[in-house]
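Residue numbers (our numbering), protein chains in the order written: chain A, 1 to 176; chain B, 177 to 333.
Every residue, glycine too, gets a C-beta built ideally from N, C-alpha and C.
Please read all numbers here as calculations on a predicted model, not as lab measurements.
Step one of this worksheet: look at the structure below.
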Amino acid sequence: MTRLLKWLIPIAAIPVLALLAYGFRTNPREIPSPLVGRPATSFTLPTVAGEPVSLEAQRGKVVIVNFWASWCYPACYEEAPVLERNWRAYRDRDVVVIGVDIQDSMDAAQKFVKDFELTFPNGRDLTGKVSVEYGVYGVPETFFVDRRGRIRAKHVGALTDERFRSEVERLLGEPS
Amino acid sequence: MKRRGAVVLALVLTITFVASVAAQQPATPVDDERVHAVATQLRCVVCQNLSVADSPSEMASQMRAIVRERLAAGDSPEQVIQYFVDRYGEWILLSPRRQGFTLLVWVFPFVAVLVGLVAVGLLVRHWTRRAALAPAARPVVDPAMSERIKREIETGG
């Protein structure tokens with residue numbers, strides 16, 4: 001009995017250690033989204049510039065839907081130039097960037113767009129419905145939508161040039 | 177004549193106001209308790225361990241509005257919850273579902289308590305049995321010494 005007890009304590013520690021090993025090796029930025037692989041919900045939003053922007057109108061193009069807010073510092077401030085730079089580089093290849101500003105004031109949003117000289121359309125999600133449709137936890141979050149209108153990848157946190165290019169090149173390489 | 181015009185104008189304005197207020201209301205009014213019952217089951221996505229019902233954040237308030245709107249449109253509370261699960265995964269539920277892998281979360285504590293009780297039971301049995309066996313292993317006393325002790329007790333030391 002005591003011999004069994006002597007072994008029981010180290011044996012009981014094994015599942016705990018396995019759980020810790022799994023937890024520490026998991027990237028907390030990779031929150032699995034049930035939406036990857038599913039059709040992107042269409043939306044029409046009023047933009048910061050005052051015109052409507054619609055996802056449906058971009059069908060046939062690779063679309064990058066980026067959720068941001070002017071109060072999201074520093075991540076949104078880091079990725080705004082990345083988005084603008086890559087949008088300019090890819091816009092002639094049927095690639096569209098749509099920004100979705102959430103939980104923000106019009107003045108702050110306009111200032112953000114002006115400060116970073118953003119030329120892609122930025123809609124304002126005033127009711128939060130588009131955010132919930134895309135299962136957004138916080139900002140920034142970016143969704144890559146293929147030419148057939150399916151969400152193919154989700155990026156949490158500030159987007160990098162490498163991630164933008166690798167996802168867009170992958171989706172551009174697929175037959176439409 | 178002027179007075180009649182004013183009355184007509186007031187009437188038209190009142191009707192317009194009532195109509196616009198009515199248009200803003202959901203098709204079927206949903207009482208706060210039904211919204212609250214659904215919202216308490218959903219995790220506020222921008223908070224730490226707060227439900228959508230309890231969080232003062234703007235995101236939670238927008239989520240409550242969506243719950244109300246979907247209930248008003250005729251969705252059942254289960255359908256509303258499924259709507260959020262489809263978009264956020266089961267993470268959005270404050271209590272894991274009692275099925276599949278997450279059933280373990282519900283069952284495991286009871287299994288652990290049961291295993292603990294069995295272990296304590298076995299240990300107690302082991303200890304009491306050892307205690308019962310102990311008198312049999314009484315130390316052997318030298319017969320000469322035993323005789324001497326007996327004698328000294330009888331003679332009063």
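Worksheet item: Considering only C-alpha positions, which residue in the set 10/A, 34/A and 68/A is nearest to residue 126/A?
Response: Ranking 10/A, 34/A and 68/A by CA distance to the CA of residue 126/A puts 68/A first.
Fill in: CA-to-CA distance, residue 265/B to residue 175/A, given in whole angstroms
Cα to Cα, residue 175/A sits roughly 30 Å from residue 265/B.
Worksheet item: What do you reckon, are the CB atoms on residue 98/A and residue 65/A nearer than 8 Å?
Response: Yes, the Cβ-Cβ distance between residue 98/A and residue 65/A is below 8 Å.
Worksheet item: Are three or more beta carbon pairs between the segment 114-130 of chain A and the segment 33-48 of chain A nearer than 8 Å?
Response: Of all C-beta pairs linking the segment 114-130 of chain A to the segment 33-48 of chain A, three or more are shorter than 8 Å, placing the two stretches in contact.
Worksheet entry | Cβ pair residue 100/A, residue 130/A closer than 8 Å | Result yes, Cβ atoms of residue 100/A and residue 130/A sit closer than 8 Å.
Item to complete: Mind listing the chain B neighbours of residue 15/A? Cutoff is C-beta to C-beta under 8 Å, in chain order.
Response: The premise fails here: residue 15/A is roughly 11 Å from chain B at the closest Cβ pair, so nothing lies under 8 Å.
Fill in: Cβ-Cβ separation, residue 240/B to residue 256/B (assumed contact under 8 Å), whole Å
With a Cβ gap of about 11 Å, residue 256/B and residue 240/B do not count as contacting.
Worksheet item: In chain A, which residues lie less than 8 Å from residue 265/B when you measure between Cβ atoms?
Response: Taking the beta carbon of residue 265/B as reference, the chain A residues within 8 Å of it are 32, 33, 34 and 135, listed in sequence order.
Discussion item. In the DSSP assignment, the beta strand (DSSP E) including residue 68/A goes from what residue to what residue?
Written reply: Segment 62-68, the beta strand (DSSP E) holding residue 68/A.
Worksheet item: Taking buried to mean at least 16 other C-beta atoms within 10 Å of its own C-beta, is residue 70/A buried or exposed?
Response: Buried, since its Cβ has 16 or more Cβ neighbours within 10 Å.
Practice prompt. With a 10 Å radius around its C-beta and 16 neighbouring C-beta atoms as the bar for buried, classify residue 193/B as buried or exposed.
Written response: At residue 193/B, the pLDDT of 48 sits below 50, so the modelled position is not reliable and the matter cannot be decided from this model.
Worksheet item: Closer than 8 Å, CB to CB, is residue 254/B near chain A or not?
Response: Residue contact check for residue 254/B against chain A: no CB pair falls below 8 Å.
Fill in: Contact residues within the segment 256-286 of chain B, judged by C-beta distance below 7 Å to chain A
Residues passing the 7 Å Cβ filter: 262, 263, 264 and 265.
Worksheet entry | Residue-chain proximity (residue 129/A, chain B), Cβ-Cβ < 8 Å | Residue 129/A counts as touching chain B.
Item to complete: Let me know the secondary structure DSSP gives residue 225/B once reduced to three states.
Response: DSSP places residue 225/B in coil when its eight states are reduced to three.
Discussion item. So, with DSSP's three-state summary, where would you put residue 23/A?
Written reply: Correct three-state label for residue 23/A: helix.
Worksheet entry | First through last residue of the beta strand (DSSP E) which encompasses residue 143/A | Membership of residue 143/A in the beta strand (DSSP E) is indicated by the continuous run 141-145.
Item to complete: Let me know if residue 90/A comes out buried or exposed under the rule of 16 or more other beta-carbons within 10 Å of its beta-carbon.
Response: Per the 10 Å Cβ criterion, buried.
Worksheet item: Got a sec: which bits of the segment 59-75 of chain A sit with their beta carbon under 7 Å from any beta carbon on chain B, in order along the chain?
Response: The residues in question: there are none.
Worksheet item: Taking Cβ to Cβ, would you say residue 41/A is nearer than 8 Å to residue 167/A?
Response: Residue 167/A is positioned such that its CB atom lies no closer than 8 Å to that of residue 41/A.
Worksheet item: At least one CB of chain A closer than 8 Å to the CB of residue 206/B: is that the case?
Response: With 8 Å as the cut-off, residue 206/B does not count as an interface residue toward chain A.
Worksheet item: Identify the residues that DSSP records as bridge partners of residue 219/B: which are they?
Response: Residue pairing by DSSP places residue 219/B opposite 227/B in a beta bridge.
Fill in: DSSP state of residue 54/A mapped onto helix, strand, coil
It is a strand residue.
Item to complete: Determine contact between the segment 268-280 of chain B and the segment 216-233 of chain B, defined as no fewer than three beta-carbon pairs at a distance below 8 Å.
Response: Three or more Cβ pairs drawn from the segment 268-280 of chain B and the segment 216-233 of chain B lie within less than 8 Å of each other, which places the two stretches in contact.
Worksheet entry | Residue from 146/A, 173/A and 152/A whose Cα sits closest to the Cα of residue 61/A | Comparing Cα positions, the closest option is 146/A.
Worksheet item: Where residue 18/A and residue 25/A are concerned, what is the direct C-alpha to C-alpha distance, given to the nearest angstrom?
Response: Inter-residue distance for residue 18/A and residue 25/A is about 11 Å (C-alpha atoms, whole angstroms).
Item to complete: Could you name the residues of chain B that residue 132/A contacts, counting a contact when the two beta carbons are closer than 7 Å?
Response: Residues of chain B whose Cβ lies closer than 7 Å to the Cβ of residue 132/A are, in chain order, 239, 242 and 263.
Discussion item. What does the Cβ neighbour count give for residue 300/B, buried or exposed, with the cut at 16 atoms within 10 Å?
Written reply: The residue is exposed, with fewer than 16 neighbouring Cβ atoms inside 10 Å.
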